[in-house]
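So the structure is just underneath, and the comments pick up after that.
Residue numbers (the UniProt record's numbering), protein chains in the order written: chain A, 1 to 218; chain L, 1 to 290; chain U, 1 to 311.
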């Protein structure tokens with residue numbers, strides 16, 4: 001047991017640095033994928049066929065590609081195209097590109113949960129497109145979107161660990177550093193697990209709470 | 001285009017004209033973007049023969065097929081084990097006895113909260129630390145099983161719970177035992193509603209095998225990286241990843257189409273009272289990433 | 001439903017197979033042209049031509065590892081696969097290089113036909129664990145002998161002495177040795193001795209240290225100008241430089257001594273002594289020289305056998 005705690009106290013700085021980077025990576029990529037995902041979602045529900053097709057193609061290509069491949073492409077293939085991005089930025093871009101496909105799907109299916117009759121009734125009352133969207137569709141759609149959206153972001157938080165294979169010092173990279181220092185891997189991995197539980201469990205609880213609350217409301 | 005009608009009415013003449021203009025502009029924009037990317041590729045010599053000619057050779061194709069086989073093997077074994085794991089823990093969570101329910105819930109929630117990469121590290125490093133030799137395939141398979149099995153357990157549970165409670169009550173009322181209710185009433189209906197979600201989870205599992213690269217399991221992506229890293233061919237990472245990506249998209253795409261088709265079919269069928277769990281956007285979506 | 005899935009997968013597989021069926025046989029040889037033209041070499045493995053006949057009467061008393069190898073009739077050896085001229089696997093799946101031939105030689109002295117070797121590709125950071133866990137019987141792959149590693153495993157050898165050096169782009173003038181690395185991005189393999197040295201001696205700032213699983217990834221980043229130098233043992237770097245001399249060069253100021261040993265299970269002293277004897281024999285009977293000249297020697301630098309350090 002003493003050994004178990006020593007692993008953390010001796011290497012505290014590395015753990016702090018790793019998890020700080022994980023959280024940074026997560027926050028930046030979350031904002032990025034929310035923006036890009038919303039844009040794609042808007043394309044997918046737009047009245048313009050070309051945009052719908054583009055959105056659908058993007059989502060289907062990205063969703064069927066392993067995230068690791070997206071990472072590898074950005075780090076090893078993109079520099080060959082004379083584009084120079086540093087490793088942390090590459091990682092945020094990879095996470096954003098990948099996660100936004102899932103955000104897009106959440107938004108699209110959220111909008112689809114609103115019964116068409118509601119919008120029709122609103123239009124019959126003479127509401128404009130903006131009014132229909134902000135007063136009728138979005139308030140209901142958002143409720144349906146929040147729980148799956150949180151699932152997407154929880155998954156993304158876990159996905160940040162893949163950056164470890166691409167020269168970003170985040171939580172997933174800690175085991176390699178620890179192997180270099182000769183620390184017992186089991187203890188190291190348990191501490192990382194605890195770290196992730198601390199980050200994720202509150203999010204899961206919040207998600208459950210919202211899901212339950214809004215399920216009743218509808 | 002049923003989703004379109006939620007936000008707007010059928011376009012009139014003015015809207016049609018506006019949409020047409022938008023369509024032309026956006027098509028031009030997309031084509032310009034693709035053309036720019038194509039230009040970048042050509043400009044940096046990604047299309048030169050030297051970078052692509054490897055793929056003509058049987059030996060390199062065999063290498064790729066070897067990687068594909070390693071990927072499918074890991075995914076196949078992990079899929080079977082994950083389905084078993086999911087079935088066991090879903091039944092534990094659905095049990096009336098708290099002594100089964102509590103550990104079931106604990107295990108499922110725990111493994112869903114740990115990043116898959118860390119689970120794979122557990123499977124690889126921990127046995128080694130204690131002096132047991134473990135094949136990389138199994139380290140990967142164990143990680144995939146624990147994570148995807150937990151997610152599948154939740155899908156199974158949601159599927160059973162999606163059958164209206166009246167059915168269970170009705171079955172009990174005509175004198176069925178618990179076992180019979182589950183076997184004859186709930187499962188046949190639940191399976192139909194769960195299939196799309198299960199298949200799309202298996203797509204996730206297949207994609208996740210790519211994480212094997214971090215413990216150097218020679219799966220498809222790892223092979224792609226080796227092919228891309230050959231200096232005499234001008235480090236053809238771009239062609240190698242494009243080829244490997246196309247292979248992943250083809251296989252996962254085929255499975256996704258299957259999931260979509262199942263969902264359609266299930267949706268039409270009236271033989272289940274359970275609401276079909278959508279393939280991509282259930283509350284369990286979290287799981288469906290990585 | 002299941003049948004459909006199986007059918008779909010089978011269809012994909014057969015498509016892939018039929019695509020493969022039209023592949024050209026023979027060795028992929030890059031054509032001239034492109035940025036690294038002239039430098040382009042065949043990717044095919046070249047062996048030194050040394051032959052290793054398995055010893056029929058091999059016996060190592062009191063060695064559990066040897067007993068295991070003998071019972072299995074094969075040996076599993078941890079190797080590198082991406083170091084040209086050292087530990088390499090070509091597009092044909094053939095293996096070659098200095099370390100590979102040393103591994104084959106040692107296998108032959110244990111009575112195992114080199115054709116019966118099961119090669120395992122183990123990344124640098126996982127070597128000790130792989131030996132400790134018995135995943136490999138021994139490891140031959142630019143494995144520096146250090147006291148810290150001796151806590152976990154044991155070493156026979158050294159069979160080669162290398163030195164840490166720097167690989168840079170051909171047009172690089174500002175990096176002349178280890179003291180000119182400040183402010184430059186330096187890449188090496190995760191968990192390797194060279195990157196630990198860069199970190200410990202503060203040769204460059206911590207933010208400028210880049211680590212990947214393999215050196216070939218570092219070389220790719222070097223050519224893409226994402227890093228400024230790749231550091232590791234000169235033997236490895238020369239192998240890369242020889243593959244593309246128009247784009248890469250080795251600085252040539254080694255700043256360490258790396259003694260390559262054969263990694264063995266820690267408690268197997270009997271095997272260690274036996275392997276040491278066999279290495280020594282290869283020094284004196286010309287086998288070592290033949291292997292060197294046909295592999296690392298191709299880079300132009302001469303080599304002489306080191307002195308064994310028994311313990």
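In this text, a Cβ means the ideal position worked out from N, Cα and C, and glycines have one as well. Remember, predicted model here, so these are calculated numbers, not experimental data.
Are there three or more Cβ pairs, one per stretch, closer than 8 Å when the region 82-89 of chain U is compared with the region 286-301 of chain U? yes
Under a three-way DSSP split, which group does residue 189 of chain U fall into?
strand
Check your understanding: For the region 80-114 of chain A, which residues have a CB atom closer than 9 Å to at least one CB atom of chain L, in sequence order?
Key -> 80, 81, 82, 83, 98, 99, 102, 105, 106, 108, 109, 110, 111, 112 and 114
Exercise for the section: Determine the direct distance from the alpha carbon of residue 40 of chain A to that of residue 292 of chain U, and round the result to whole angstroms. Expected result: Taking the straight line from one Cα to the other gives about 58 Å.
- Can you name the residues that DSSP bridges to residue 88 of chain U? For residue 88 of chain U, which the question treats as bridged, DSSP gives the partners U/82 and U/96.
**Message:** Could you tell me the alpha carbon to alpha carbon distance between residue 213 of chain A and residue 154 of chain L, rounded to whole angstroms?
**Reply:** 20 Å
Ranges of the beta strand (DSSP E) found wholly within the region 239-278 of chain U, counting only runs of at least 3: 248-250 and 258-265
- Item | Limits of the unbroken alpha helix (DSSP H) element including residue 147 of chain U | Bounds of the alpha helix (DSSP H) holding residue 147 of chain U are 147-150.
- Query: Is the distance from the Cβ of residue 236 of chain U to the Cβ of residue 211 of chain U below 9 Å?
  - Reply: no
| Own chain partners of residue 191 of chain A with C-beta closer than 6 Å, once the 5 adjacent residues on each side are dropped | Non-local C-beta neighbours of residue 191 of chain A in its own chain, meaning closer than 6 Å and more than five positions away in sequence, comprise 8, ordered along the chain.
Check your understanding: Just the Cα atoms here: how many angstroms apart are residue 62 of chain A and residue 223 of chain U?
Key -> 28 Å
| request: Scan the region 31-57 of chain L for residues whose Cβ lies nearer than 8 Å to a Cβ of chain A and list them as they occur along the chain. | output: 40, 41, 43, 44 and 46
| Among U/117, U/164 and U/131, which one has its Cα closest to the Cα of residue 257 of chain U? | Nearest in C-alpha terms to residue 257 of chain U, of all of U/117, U/164 and U/131, is U/164.
Name the DSSP beta bridge partners of residue 139 of chain U, please?
U/78 and U/263
Does the beta carbon of residue 129 of chain L come closer than 9 Å to any beta carbon on chain A?
yes
Limits of the alpha helix (DSSP H) - the one that residue 14 of chain L falls within = 13-43
* To do: Could you tell me whether the region 18-28 of chain A touches the region 154-162 of chain A, where touching means 3 or more Cβ pairs closer than 8 Å?
  => yes
query: Which residues bound the beta strand (DSSP E) around residue 111 of chain A?
result: Counting along the chain, residue 111 of chain A falls outside any beta strand (DSSP E), though it belongs to the alpha helix (DSSP H) covering 87-113.
- Task: Taking C-beta pairs closer than 7 Å, name the residues in chain L that residue 77 of chain A reaches, listed in chain order.
- Result: 237, 238 and 241
Inset, instruction - Confirm, please, whether the CB-CB distance from residue 60 of chain L to residue 249 of chain L is below 9 Å. - result: no
Next item on the list: Give me the Cα-Cα distance between residue 168 of chain L and residue 126 of chain L, rounded to the nearest whole angstrom.
Entry: 45 Å
Would you call the CB atoms of residue 144 of chain A and residue 96 of chain A closer than 9 Å?
no
- Item | CB contact flag (residue 193 of chain A, residue 114 of chain L, <9 Å) | yes
- Starting from the beta carbon of residue 223 of chain L, find every residue of chain A whose beta carbon is closer than 8 Å, and list them in chain order. Under the 8 Å cutoff, chain A gives no residues; its nearest Cβ is about 12 Å from residue 223 of chain L.
* So what does DSSP say about residue 363 of chain U, is it helix, strand or coil? -> In the structure displayed, chain U extends from 1 to 311; residue 363 of chain U sits before or after that span and is not available.
**Report entry** DSSP beta-bridge partners of residue 167 of chain U
**Finding:** U/230 and U/250
| request: Specify whether the region 94-108 of chain U and the region 139-152 of chain U touch according to this definition: at least 3 beta carbon pairs, one from each stretch, less than 8 Å apart. | output: yes
For residue 69 of chain U, which residues of its own chain have a beta-carbon under 7 Å away from its beta-carbon, when the five flanking residues on both sides are left out? The answer, listed in chain order, is 75, 110, 112 and 137.
Where residue 31 of chain A and residue 39 of chain L are concerned, what is the direct C-alpha to C-alpha distance, given to the nearest angstrom? 30 Å
Mind checking if residue 274 of chain U is an interface residue toward chain L, Cβ cutoff 9 Å exclusive? no
How would you label residue 149 of chain A, buried or exposed, when you count the other beta carbons within 10 angstroms and need 16 or more for buried?
By the C-beta density criterion, residue 149 of chain A is buried, having at least 16 other C-beta atoms within 10 angstroms.
Terminal residues of the beta strand (DSSP E) in which residue 120 of chain U lies:
117-121
* Please check the pair residue 150 of chain L and residue 203 of chain L, which I expect to be a contact at CB under 8 Å, by giving their CB distance rounded to whole angstroms. => Beta-carbon to beta-carbon, residue 150 of chain L and residue 203 of chain L are separated by about 17 Å, too far to satisfy the 8 Å threshold.
* To do: Report the neighbours of residue 224 of chain U on chain A: residues whose CB is nearer than 7 Å to its CB, in chain order.
  => 79 and 80
By Cβ distance, which residues of its chain are closer than 7 Å to residue 119 of chain U, with the 5 residues on each side in sequence left out? 77, 79 and 95
CA-to-CA distance, residue 100 of chain A to residue 151 of chain U, given in whole angstroms:
Approximately 48 Å, taken between the alpha carbons.
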